[in-house]
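Asks: Structure below; questions to follow.
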Amino acid sequence: MNLLQVKNLVVEFPGRRGTLRALDDISFAIAPGEILGIVGESGAGKSLTSAAIIGLLESPGRISGGQILLEGERIDNLDDAQMRRIRGRRIGAIFQDPLTSLNPLYTVGRQLVETIQTHLPVNAQEARQRAIALLQETGIAAAEQRMEHYPHQFSGGMRQRVVIALALAGEPKLIVADEPTTALDVSIQAQIITLLKSVCKKHGAAVMLITHDMGVIAETCDRVAVMYAGRIAEIGPVHEVINRPSHPYSEGLMAAIPDITVDRERLNQIDGAMPRLDAIPKGCAFNPRCPKVFDRCRQERPDLMPAQASQAACWLHAPQVGGAA
Amino acid sequence: MSAPSEKPKAMVSARDLAKTFDVSPPWLNRVLEGKPRLMLHAVDGVSFDIEKGKTLALVGESGCGKSTVARLLVGLYEPTRGTFSFEGQDVHATLETPQGKSLRRRIQMIFQDPYASLNPRWTVEDIIGEPLKEHGLIKDSAALHARVGDLLQSVGLSAKDMVKYPHQFSGGQRQRISIARALGTEPEFLVCDEPTSALDVSVQAQVLNIMKDLQQSRGLTYLFISHNLAVVRHVADQVGVMYLGRLVELADKHALFATPRHPYTRMLLDAIPKMHATGQARTPVSGEVPNPLSPPSGCAFHPRCPHANARCASERPITMHLPTVQVACHAVEEGRI
């Protein structure tokens, strides 16, 4: 059974000038222990997807359609109190900026112990032991002394390690990591990604990793979903999507990324910009920028369909050859 | 006239540039609490040359001093030590004189954040037109109008966009407006401080391509600052790697990426996740960038360096000039690596 299943999720923001549909019919699943990457440019809906899953959509945003199932059980319609019991215990979260995800007024130890005791039936002594073990596991030296330190006494990379320890504290089955390395320097990024991958494997936790860095995706994930204008453009095994992208948008995106191992005179560029939510074109949202556009793309909106080893929302892969004819 | 056998003369050349910031506590605290003076050596003895029409990229992690170098070059900071010359003229000395203004016209800068570097209450025409008016290049408004239109077109925007305000543009379009503004005075040298870091990859590709096209058509010289080595590989001719205020390695792009010499350069190259090496685990580098207020003794990189020995901990390495590369490392000098 899938650990997490998202079915036809729709997130909308009602506003004065009408309702904006920020996520439109998103469906995907994460298997136990799997690492699913989500990539896309700013505004594509990556972070909204994670916010919807962990129940932290900011008002007036709301889930207006579809379902989110965690271990077969619906979590999209729970109230705040019920959701609080799931968050931390069954779904852990890691955010971009480690300084804002830690409370500056409490010691790291107190935050860890409190989280452990909230979610697990252990006494204070056991919770403390667990907290120290978690810090050691995430590569913090002199963990026992570090328990007494405040977040500002840690460097950026160390803080993100503490945040990973916190996310693991409730022994969740799923960790949602939203740009966990974006705020860090390159040499630290590699450490954190390696750590995240190894501790999640050890604890058997699946990860939904949101990032805009394709290199991180390539090295970390099993599968990847490419998002564009609130929809999934393509989802499939990571090396398939990177090396043989099926959707023209993923193809353009992969070619636009400067590669450190290759010399290229010019980068491929996708002309134009992602549409605003209030001006999403009819048919396929990518059609005005797509080099392979044909009539059907301007009329009908494609859903995910099998394409090579992946699934792509593109009429090029329609089962009937020559959908335009 | 220089002899033909000599290397082409550098357009921009920095010699032993240094900038120290006084970050001491206030005088009263120093007297009452006995706190010492604190000096932050943001840039410490950096030397490089850039030939006309070429791009030098400076890379390094946050706090290594790359943005300070950029600000020194455009005259936003006074150097504490060392000189920076532009076509043989000492820039900081010239800026004090009446000729300073024409020098400023020839050196322009593009900033990192296109949301912060454009005045939100000005139209695009005002923004791009200001340096033209300031330098007295264009006086009547019809000519200004035409010139701003041309500049917008040269960066791939429409002349009609000049009546709009910055908030009406996306990040990539704003960065193009910044480029158009910088190009207005027909500079020869552009200092670009992380010009694409705030942009998405597909937009980054658009901006990098425009910068390359402009370099070719106008013969611009760039100093390109970035923390992204993949971007640097794409734009640069020469690459300088900075660590805690010092230039640890400076080499031709191809030499640097093919055979990095300094252990820090190797570490940086190794730390970058590669797109086409799926599933391959790297050995992550240990340690973090030290506090620049109390840099390690000797070679600043020695606590993280796998090749460090006693000499590295005590003696600061001097930059060696090898045929294709200049590098500051005892291990390279001694032939240990």
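These protein sequences, in sequence, are chains A and B. Number 722 in the numbering used here belongs to position 303 of the first sequence; there are no gaps in the numbering. Number 237 in the numbering used here belongs to position 142 of the second sequence; there are no gaps in the numbering. Idealized CB from N, CA, C, for every residue including glycine. Keep in mind the model is a prediction, meaning the values are calculated, not measured.
Do the CB positions of G314/B and G430/B come within less than 7 Å of each other?
Replies: Here residue 314/B refers to the residue found at position 219 of the second sequence. Here residue 430/B refers to the residue found at position 335 of the second sequence. Against a cut-off of 7 Å, the Cβ pair of G430/B and G314/B comes out as no contact.
Asks: Anything in chain A within Cβ reach of V343/B, meaning under 8 Å, just list it in chain order.
Replies: Here residue 343/B refers to the residue found at position 248 of the second sequence. Ordered by position in chain A, no residue passes the 8 Å Cβ test against V343/B, which lies about 14 Å from the chain.
Asks: The beta strand (DSSP E) spanning P656/A covers which residue range?
Replies: What you label residue 656/A is simply residue 237 of the first sequence in a count that begins at 1. Per DSSP, P656/A belongs to the beta strand (DSSP E) from R650 to P656.
Asks: If I'm right that A471/A touches I457/A with Cβ under 8 Å, what's the distance once you round it to whole angstroms?
Replies: Counting from 1 along the first sequence, the entry for residue 471/A is found at position 52. Counting from 1 along the first sequence, the entry for residue 457/A is found at position 38. About 12 Å; that fails the 8 Å criterion.
Asks: Within 8 Å, do at least three Cβ pairs link the segment 159–169 of chain B to the segment 335–344 of chain B?
Replies: A contact exists between the segment 335–344 of chain B and the segment 159–169 of chain B.
Asks: Kindly give me the distance between the Cβ atoms of I679/A and I367/B, rounded to whole angstroms, as I take these residues to be in contact under 8 Å.
Replies: Position 260 of the first sequence, counted from the start, is the residue given in the question as residue 679/A. Position 272 of the second sequence, counted from the start, is the residue given in the question as residue 367/B. Yes, they are in contact, since the Cβ atoms of I679/A and I367/B sit about 6 Å apart, within 8 Å.
Asks: Closest to A434/B by C-alpha separation, out of N386/B, L309/B and Y260/B, would be which residue?
Replies: Only positions 96 to 432 of chain B appear in this structure, which leaves residue 434/B out of reach.
Asks: Here's the rule: buried if 16 or more other CB atoms are within 10 angstroms of the residue's CB, otherwise exposed. What is P523/A?
Replies: By one-based count along the first sequence, residue 523/A stands at place 104. Per the 10 Å Cβ criterion, exposed.
Asks: Using a beta-carbon distance cut-off of less than 8 Å, what residues from the segment 303–331 of chain B approach chain A?
Replies: Those residues of the segment 303–331 of chain B that come within reach of chain A (Cβ to Cβ, closer than 8 Å) are L303, N304, K307, H322, N323, L324, A325, V326, R328 and H329.
Asks: Which residues, in chain order, does the segment 153–166 of chain B contribute to contact with chain A at a C-beta distance below 8 Å?
Replies: Against chain A - using a Cβ distance shorter than 8 Å - the residues of the segment 153–166 of chain B are E156 and S157.
Asks: Using a threshold of 6 Å, is the CB atom of N542/A nearer than that to any non-hydrogen atom of the ligand GTP?
Replies: For the structure depicted, the ligand GTP is absent and the ligand set is empty, with no information on it obtainable.
Asks: State the Cα-Cα distance for the pair R341/B and Q579/A, rounded to the nearest angstrom.
Replies: Here the question's residue 341/B lines up with position 246 in the second sequence. Here the question's residue 579/A lines up with position 160 in the first sequence. Their backbone Cα atoms lie some 28 Å apart in a straight line.
Asks: With a 10 Å radius around its C-beta and 16 neighbouring C-beta atoms as the bar for buried, classify H416/B as buried or exposed.
Replies: Within the second sequence, residue 416/B is the residue found at index 321, counting from 1. Looking at its Cβ environment, which holds fewer than 16 other Cβ atoms inside 10 Å, H416/B is exposed.
Asks: CA-CA distance, M420/A and G491/A?
Replies: As a first step, residue 420/A is located in the first sequence; it is residue number 1 there, counting from the start. As a first step, residue 491/A is located in the first sequence; it is residue number 72 there, counting from the start. So the alpha carbons of these two residues sit roughly 8 Å apart.
Asks: Taking Cβ-Cβ distances shorter than 8 Å, what residues in chain A pair up with A366/B?
Replies: As a working note, residue 366/B is residue 271 in the second sequence. Neighbours of A366/B on chain A, chain order: V605, S606, Q608 and A609.
Asks: Would you mind telling me which residues of chain A sit closer than 9 Å to K369/B, beta carbon to beta carbon, in chain order?
Replies: Within the second sequence, residue 369/B is the residue found at index 274, counting from 1. G634, A637, E638, D678, I679 and T680, listed in chain order.
Asks: Are the beta-carbon atoms belonging to P209/B and Q270/B less than 7 Å from one another?
Replies: Within the second sequence, residue 209/B is the residue found at index 114, counting from 1. Within the second sequence, residue 270/B is the residue found at index 175, counting from 1. The answer is yes: Cβ separation under 7 Å.
Asks: Is the CB of G434/A under 7 Å away from at least one CB in chain B?
Replies: Taking the first sequence and counting its residues from 1, one reaches residue 434/A at position 15. Chain B, which has no Cβ nearer than 7 Å to the Cβ of G434/A, makes this no.
Asks: By the three-class DSSP mapping on this structure, what secondary structure does A586/A have?
Replies: Numbered from its first residue, the first sequence carries residue 586/A at position 167. Helix.
Asks: For the segment 337–363 of chain B, which residues have a beta carbon sitting closer than 7 Å to at least one beta carbon of chain A?
Replies: Of all residues in the segment 337–363 of chain B, M362 and L363 have a Cβ within less than 7 Å of some Cβ in chain A.
Asks: Hey, is the segment 503–522 of chain A in contact with the segment 443–457 of chain A, meaning 3+ C-beta pairs nearer than 8 Å?
Replies: With the cut-off at 8 Å, the segment 503–522 of chain A and the segment 443–457 of chain A do not touch.
Asks: Please decide whether Q301/B counts as near chain A, where near means a Cβ-Cβ distance under 7 Å.
Replies: The residue you call residue 301/B lines up with position 206 of the second sequence. Yes, Q301/B counts as interfacial toward chain A.
Asks: Consider the Cβ of Q564/A: report whether some Cβ of chain B lies at a distance smaller than 7 Å.
Replies: Counting from one through the first sequence, the residue named residue 564/A turns up at place 145. For Q564/A, the answer is no, since every Cβ of chain B falls outside 7 Å of its Cβ.
Asks: Using a Cβ distance threshold of 8 Å, determine whether the segment 613–628 of chain A contacts the segment 594–605 of chain A, with at least three qualifying pairs required.
Replies: Touching, yes.
Asks: Just to confirm, is the Cβ distance from L686/A to A105/B under 7 Å?
Replies: For the purposes of this step, residue 686/A is taken as residue 267 along the first sequence, with counting starting at 1. For the purposes of this step, residue 105/B is taken as residue 10 along the second sequence, with counting starting at 1. No, these two residues do not count as a Cβ contact at 7 Å.
Asks: For T115/B, write down the residues that DSSP places opposite it in a beta bridge.
Replies: What you label residue 115/B is simply residue 20 of the second sequence in a count that begins at 1. Note: T115/B sits in a beta bridge opposite H136/B.
Asks: Rounding to the nearest angstrom, what Cα-Cα distance links V298/B and Q564/A in this structure?
Replies: Reading the second sequence from its first residue, position 203 is the one you call residue 298/B. Reading the first sequence from its first residue, position 145 is the one you call residue 564/A. So the two alpha carbons sit approximately 46 Å from each other.
Asks: Helix, strand or coil: which one does DSSP assign to T373/B?
Replies: Translated into the one-based positions of the second sequence, residue 373/B becomes position 278. Residue confidence is low: T373/B scores 49 on pLDDT, short of 50, so the model does not pin down where it sits. Its coordinate-derived value is still stated next. In this structure, T373/B counts as coil in the three-state DSSP scheme.
Asks: Could you tell me which chain B residues have their CB closer than 8 Å to the CB of E670/A, listed as they occur along the chain?
Replies: Along the first sequence, read from residue 1 onward, the residue named residue 670/A stands at position 251. Those within 8 Å of E670/A in chain B number zero; the least Cβ separation is about 11 Å.
Asks: To the nearest whole angstrom, what separates the beta carbons of E220/B and V258/B, a pair I think is in contact under 8 Å?
Replies: For the purposes of this step, residue 220/B is taken as residue 125 along the second sequence, with counting starting at 1. For the purposes of this step, residue 258/B is taken as residue 163 along the second sequence, with counting starting at 1. Between V258/B and E220/B the Cβ distance is about 7 Å, and since that is below 8 Å, they are a contact.
Asks: Could you give the first and the last residue of the continuous alpha helix (DSSP H) run that contains K426/A?
Replies: By 1-based counting over the first sequence, the position of residue 426/A is 7. Note, K426/A: premise wrong, no alpha helix (DSSP H); beta strand (DSSP E) at L423 to G434.
Asks: Three or more C-beta pairs closer than 8 Å, one from the segment 667–681 of chain A and one from the segment 279–289 of chain B: is that the case here?
Replies: In short, these stretches do not touch, since the Cβ pair count stays below three.
Asks: Report yes or no: do the segment 650–667 of chain A and the segment 728–735 of chain A share at least 3 C-beta pairs separated by less than 8 Å?
Replies: At 8 Å Cβ cutoff, the stretches touch.
Asks: Closer than 7 Å, CB to CB, is V422/B near chain A or not?
Replies: Indexing the second sequence from 1 puts residue 422/B at position 327. No, its Cβ sits nowhere closer than 7 Å to a Cβ of chain A.
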